[in-house]
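These notes concern the structure reproduced below.
There are 2 protein chains.
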Amino acid sequence: MTSRDGYQWTPESGLTQGVPSLGVISPPTNIRDTDKDGPWDVIVIGGGYCGLTATRDLTVAGFKTLLLEARDRIGGRSWSSNIDGYPYEMGGTWVHWHQSHVWREITRYKMHNALSPSFNFSRGVNHFQLRTNPTSSTYMTHEAEDELLRSALHKFTNVDGANGRTVLPFPHDMFHVPEFRKYDEMSYAERIEQIKDELSLNERSSLEAFILLCSGGRMENSSFGEFLHWWAMSGYTYQGCMDCLISYKFTEGQSAFARRFWEEAVGTGRLGYVFECPVRSVVDDEGGKGVRVTARDGREFVAKRVVCTIPLNVLSTIHFSPALATEKVSAMQAGHVNMCTKVHAEVDNKDMRSWTGISYPFNKLCYAIGDGTTPAGNTHLVCFGTDANHIQPDEDVRETLKAVGELAPGAFRVKRLVFHNWVKDEFAKGAWFFSRPGMVSGCLDGLRERHGGVVFANSDWALGWRSFIDGAIEEGTRAARVVLEELGTKREEVKARL
Amino acid sequence: MTSRDGYQWTPESGLTQGVPSLGVISPPTNIRDTDKDGPWDVIVIGGGYCGLTATRDLTVAGFKTLLLEARDRIGGRSWSSNIDGYPYEMGGTWVHWHQSHVWREITRYKMHNALSPSFNFSRGVNHFQLRTNPTSSTYMTHEAEDELLRSALHKFTNVDGANGRTVLPFPHDMFHVPEFRKYDEMSYAERIEQIKDELSLNERSSLEAFILLCSGGRMENSSFGEFLHWWAMSGYTYQGCMDCLISYKFTEGQSAFARRFWEEAVGTGRLGYVFECPVRSVVDDEGGKGVRVTARDGREFVAKRVVCTIPLNVLSTIHFSPALATEKVSAMQAGHVNMCTKVHAEVDNKDMRSWTGISYPFNKLCYAIGDGTTPAGNTHLVCFGTDANHIQPDEDVRETLKAVGELAPGAFRVKRLVFHNWVKDEFAKGAWFFSRPGMVSGCLDGLRERHGGVVFANSDWALGWRSFIDGAIEEGTRAARVVLEELGTKREEVKARL
């Protein structure tokens with residue numbers, strides 16, 4: 001099936017919108033008439049991992065659940081497109097056994113042996129190419145690359161003589177040490193200013209490229225504390241970051257994983273769903289009678305509870321009644337800063353499989369790695385750009401091709417580009433969450449607050465792997481449990497049976 | 001409530017059996033008559049974390065479930081006793097956010113801020129005391145301790161120039177690299193023999209004490225591959241091991257965590273339970289009519305499916321019909337090797353809070369740390385012995401007190417001992433699972449196999465954090481899902497409602 005989302009470019013066909021995905025759901029609905037099928041126990045708005053998890057948990061627990069999704073597919077900001085027998089990850093990709101919620105699901109769905117490594121240094125060029133200006137490259141071994149980044153990241157994170165362990169001992173309880181607030185309020189730029197004299201030019205370029213790869217933002221608007229949070233979640237080491245952030249992916253692509261949640265929920269017989277159904281308003285002012293969700297096309301759905309998984313940067317497009325609390329509104333209006341551009345390039349040099357590169361700050365794609373070999377024998381490179389030097393990859397393909405080429409001039413010709421422009425996606429308005437300075441300390445609690453019959457859940461305000469697939473599952477799990485506790489576990493049925 | 005399990009000794013009262021625990025369930029049953037309450041959808045045998053997880057998942061999913069437990073309490077090999085306002089962990093203790101299944105439950109039950117660090121080096125003696133003979137001690141800083149163990153463990157694990165990453169890239173898929181089989185078949189002693197010339201005396205003593213702490217066995221009967229598996233799960237580093245294995249515990253004790261599962265299951269109204277009810281036989285030869293479980297006291301219970309969570313070393317005490325498969329029987333007969341002795345000592349020296357020690361090989365307790373400060377202002381030391389120099393702590397308290405004293409001669413007087421003798425416990429017959437050489441490659445698949453209507457689940461044969469609380473939850477989750485898929489998700493009810 002082909003989604004309307006995503007773009008592909010080849011020299012032969014040029015730029016085309018829409019790529020195939022296992023995540024597309026067809027037909028887009030299994031309900032005919034809202035009067036006949038409702039009222040629902042729960043409506044879940046959004047079919048990303050958070051919504052899928054909540055939907056799965058609620059249907060398994062016996063609740064009649066309606067899933068409303070704006071797109072034609074499941075997965076939200078994580079989905080894959082299988083093109084010519086090769087899976088391209090359009091958004092969230094990597095997982096690791098140190099990510100508790102996603103790994104719990106991976107073992108539960110018996111996919112622990114369905115993962116592949118991104119890095120493969122067993123053949124080909126086997127080097128790291130650092131470009132700090134458009135006229136030259138420095139080549140290093142991957143061991144030297146690791147040492148460069150390890151050294152730079154240790155300087156960056158070492159605010160307490162213990163690489164953050166003292167100021168952030170419990171990353172899920174971020175302000176356990178109240179002093180941590182000051183790091184949350186500090187920007188990347190401010191932290192770099194504190195350590196700039198300790199950094200070599202190569203360390204500084206690599207460090208900035210790496211931390212901007214994490215935030216997708218700019219040095220001035222990315223929170224240093226949020227990076228420290230990723231760092232603590234990863235075990236306070238560079239190797240932990242590499243392992244958790246960019247090492248292991250699903251052999252068949254993310255959408256194969258998302259479908260497991262979907263199929264389990266469908267299999268209960270308790271799931272109603274409507275895809276291609278963006279929501280206009282969520283009204284909860286009927287005195288306990290339920291929450292009414294109205295779609296853009298005017299259809300109305302009513303349920304006892306709503307789980308709203310709409311991302312932070314999109315929340316302000318929905319009308320809520322009664323009005324949301326101030327903390328939520330101010331966070332929604334500020335938005336998170338991640339304007340990452342992720343571009344896949346299939347290139348005609350098989351030896352690039354073992355290549356990694358940083359081109360910063362001059363290039364519009366700053367970090368890339370050899371991520372696979374396509375069935376045609378070409379190398380698949382995955383390339384990242386950030387808001388610090390932003391590109392809209394669909395607007396001028398020549399400029400996108402130039403940015404890919406600048407990563408390793410003369411090393412390859414591009415046979416294919418595949419990407420999703422998350423910044424222009426009206427249902428995402430950016431990539432994974434990354435905090436502005438002070439945003440987490442100021443707004444996290446407020447974002448996690450329920451609002452009458454509406455439970456808000458999204459990786460954007462998870463406690464652990466916030467921004468990750470793991471955080472989405474954490475939040476979907478939380479939301480389902482809130483509803484489960486409130487609506488009971490179908491006590492009346494039980495009593496009838498016991 | 002006081003459990004029959006566990007021992008306490010004080011100078012005033014001497015040795016007494018049975019200590020208080022939040023995990024005791026009273027009254028011990030909520031069913032009156034098997035004819036009236038049965039038949040059950042599922043019987044879960046065993047109320048440790050594996051059984052509790054399966055029970056919780058199954059009752060939430062709508063199944064009428066009966067939990068049978070031999071003891072008077074939940075928690076199995078993980079439970080805590082709160083004595084004079086201080087929790088002593090009688091078995092499994094430590095958790096970390098890199099342990100996926102247990103951490104998923106910790107966040108789900110909102111206990112992410114209910115943890116405390118074991119180590120506290122902020123005051124007191126603040127040193128590591130290494131004793132390789134009974135006549136002298138070497139004192140080191142904790143930094144030097146870390147460097148000693150890091151160096152030794154890197155030599156021990158570095159079979160591939162990559163500290164195990166190459167031979168064990170996917171620890172949940174242990175024989176992904178078939179060559180790994182040879183490490184699984186290798187004993188600790190054989191591996192030490194390979195590297196003995198690279199190890200200093202202090203490295204070798206510390207290393208042996210540390211790896212025996214992990215296995216609870218002897219150098220000759222502990223599998224090197226199983227240690228590499230722990231190492232890989234921990235991120236292939238010494239620091240990762242310390243973080244995951246011995247750093248964070250529940251402020252209120254394990255039993256406070258176990259109760260969350262219990263209360264959720266009870267709250268569904270679908271749970272029947274009988275404590276103090278050891279099982280005698282499990283019979284599944286009635287041609288699809290169900291599985292019959294008979295208790296030692298002759299009571300019979302029938303269910304469509306049985307989830308059997310009895311530990312490996314106890315399985316052979318149960319009569320199964322039809323007979324179990326050869327692979328299971330041979331693993332049951334061999335048993336795992338962990339004969340760990342864990343002894344808590346409350347000592348009258350508050351400065352020991354920041355002490356750690358290894359006394360090996362001469363002493364019957366080889367590894368200990370300052371683990372807390374009791375309300376009386378004393379230091380709580382947690383001390384471990386292994387089968388390599390075994391002690392039965394309840395048999396001769398003077399000998400136990402001597403072994404505690406030998407850890408740091410002259411440094412303290414013992415005010416209290418608290419322990420559970422897992423080796424003599426008829427429902428455990430050892431502590432956490434640790435593999436003999438070749439046992440995992442030979443028996444793991446067989447141990448995980450179902451047997452007709454009986455699903456076998458236990459941390460002893462988990463794929464990930466095997467032997468850990470995490471592995472127990474992994475297995476309980478798996479078992480519940482198997483049953484859920486087979487018995488359906490109560491389709492008939494659903495259709496009636498939709």
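Protein sequence lines correspond, in order, to chains A and B.
With UniProt numbering applied, the first sequence covers 1 to 498.
With UniProt numbering applied, the second sequence covers 1 to 498.
Cβ coordinates follow ideal geometry from the N, Cα and C atoms, glycine included.
Quick caveat, the model's predicted, so the values are computed rather than measured.
Here's a check: name, in chain order, each residue in its chain whose Cβ is nearer than 7 Å to the Cβ of residue i, leaving out the five neighbours to either side.
| i | result |
| --- | --- |
| residue 112 of chain A | 106 |
| residue 394 of chain B | 7, 15 and 421 |
| residue 231 of chain A | 157, 164 and 241 |
| residue 377 of chain B | 350 |
| residue 176 of chain A | 169 and 170 |
| residue 206 of chain B | 130, 148, 149, 152 and 358 |
Starting from residue i, follow its DSSP beta bridges and name the residues at the other end.
| i | result |
| --- | --- |
| residue 358 of chain A | A/130 and A/367 |
| residue 378 of chain B | None; residue 378 of chain B has no bridge partner. |
| residue 236 of chain A | Partner(s): none; residue 236 of chain A has no beta bridge. |
| residue 117 of chain A | A/248 |
| residue 82 of chain A | A/87 |
| residue 7 of chain A | A/17 and A/419 |
| residue 342 of chain B | B/384 |
| residue 40 of chain A | A/303 |
| residue 320 of chain A | A/282 |
| residue 308 of chain B | B/45 and B/456 |
| residue 223 of chain B | B/187 |
| residue 139 of chain A | A/129 |
| residue 451 of chain A | A/454 |
| residue 95 of chain A | A/248 |
Am I right that residue i and residue j are in contact with their C-beta atoms under 8 Å? What's the rounded C-beta distance?
| i | j | result |
| --- | --- | --- |
| residue 450 of chain A | residue 481 of chain B | Incorrect: roughly 29 Å between the Cβ atoms, too far for contact. |
| residue 461 of chain A | residue 448 of chain A | 5 Å |
| residue 22 of chain A | residue 259 of chain A | 6 Å |
| residue 314 of chain A | residue 428 of chain A | 7 Å |
| residue 321 of chain A | residue 359 of chain A | Not confirmed; about 48 Å, so no contact. |
| residue 69 of chain B | residue 46 of chain B | 6 Å |
Less than 6 Å between C-beta atoms, sequence neighbours within five positions excluded: which residues of the same chain meet that for residue i?
| i | result |
| --- | --- |
| residue 431 of chain B | 216, 338, 340 and 422 |
| residue 80 of chain B | 87, 89, 253, 254 and 255 |
| residue 388 of chain A | 212 and 218 |
| residue 42 of chain A | 58, 63, 65, 303, 305 and 483 |
| residue 494 of chain A | Residue placement at residue 494 of chain A is flagged as unreliable, the pLDDT there being 41, under the threshold of 50; the coordinate-derived value follows with that caveat. Excluding positions up to five away in sequence, the list is empty. |
| residue 435 of chain A | 223 and 226 |
| residue 398 of chain B | none |
For residue i versus residue j, is the C-beta spacing smaller than 8 Å?
| i | j | result |
| --- | --- | --- |
| residue 487 of chain A | residue 224 of chain A | no |
| residue 379 of chain A | residue 347 of chain A | yes |
| residue 307 of chain A | residue 159 of chain A | no |
| residue 102 of chain A | residue 264 of chain A | no |
| residue 85 of chain A | residue 352 of chain A | no |
| residue 94 of chain A | residue 247 of chain A | yes |
| residue 74 of chain A | residue 20 of chain A | no |
| residue 9 of chain B | residue 417 of chain B | yes |
| residue 140 of chain A | residue 121 of chain A | no |
| residue 334 of chain B | residue 439 of chain B | yes |
| residue 279 of chain B | residue 318 of chain B | yes |
Take residue i and list the residues in its own chain whose beta-carbon comes closer than 8 Å to its own, dropping the five residues that flank it on each side.
| i | result |
| --- | --- |
| residue 57 of chain A | 476, 477, 480, 481 and 484 |
| residue 369 of chain A | 118, 119, 246, 355, 356, 357, 381 and 382 |
| residue 392 of chain B | 341, 421, 423 and 424 |
| residue 291 of chain A | 43, 282, 283, 284, 302, 303, 304, 305, 306, 452, 453 and 454 |
At a cut-off of 7 Å, is residue i close to the ligand SAH when judged by its beta-carbon and the heavy atoms of the ligand?
| i | result |
| --- | --- |
| residue 247 of chain A | In the structure on display, the ligand SAH does not appear, and there are no ligands present to speak of. |
Scan the segment 206-235 of chain A for residues whose Cβ lies nearer than 8 Å to a Cβ of chain B and list them as they occur along the chain.
233 and 235
The segment 60-72 of chain B: which residues have C-beta closer than 8 Å to a C-beta of chain A, in chain order?
Answer set for the segment 60-72 of chain B: 60, 61, 62 and 64.
Short-range partners of chain B found in the segment 170-200 of chain A, where Cβ spacing is below 8 Å:
170, 171, 172, 173 and 176
Could you list the residues in the segment 459-489 of chain B with a C-beta less than 8 Å from some C-beta on chain A, going in chain order?
463, 464, 474, 477, 478, 481, 484 and 489
Going along the chain, which residues of the segment 109-135 of chain B sit with their C-beta nearer than 9 Å to a C-beta in chain A?
Within the segment 109-135 of chain B, the residues whose Cβ lies closer than 9 Å to some Cβ of chain A are 109, 110, 112, 113, 115 and 117, listed in chain order.
Could you run through the segment 351-379 of chain A and flag, in chain order, every residue whose CB is less than 8 Å away from some CB of chain B?
none
Contact list for the segment 68-97 of chain B against chain A, Cβ threshold 8 Å:
97
Which residues of the segment 141-157 of chain A have a Cβ closer than 9 Å to any Cβ of chain B? Give them in chain order.
none
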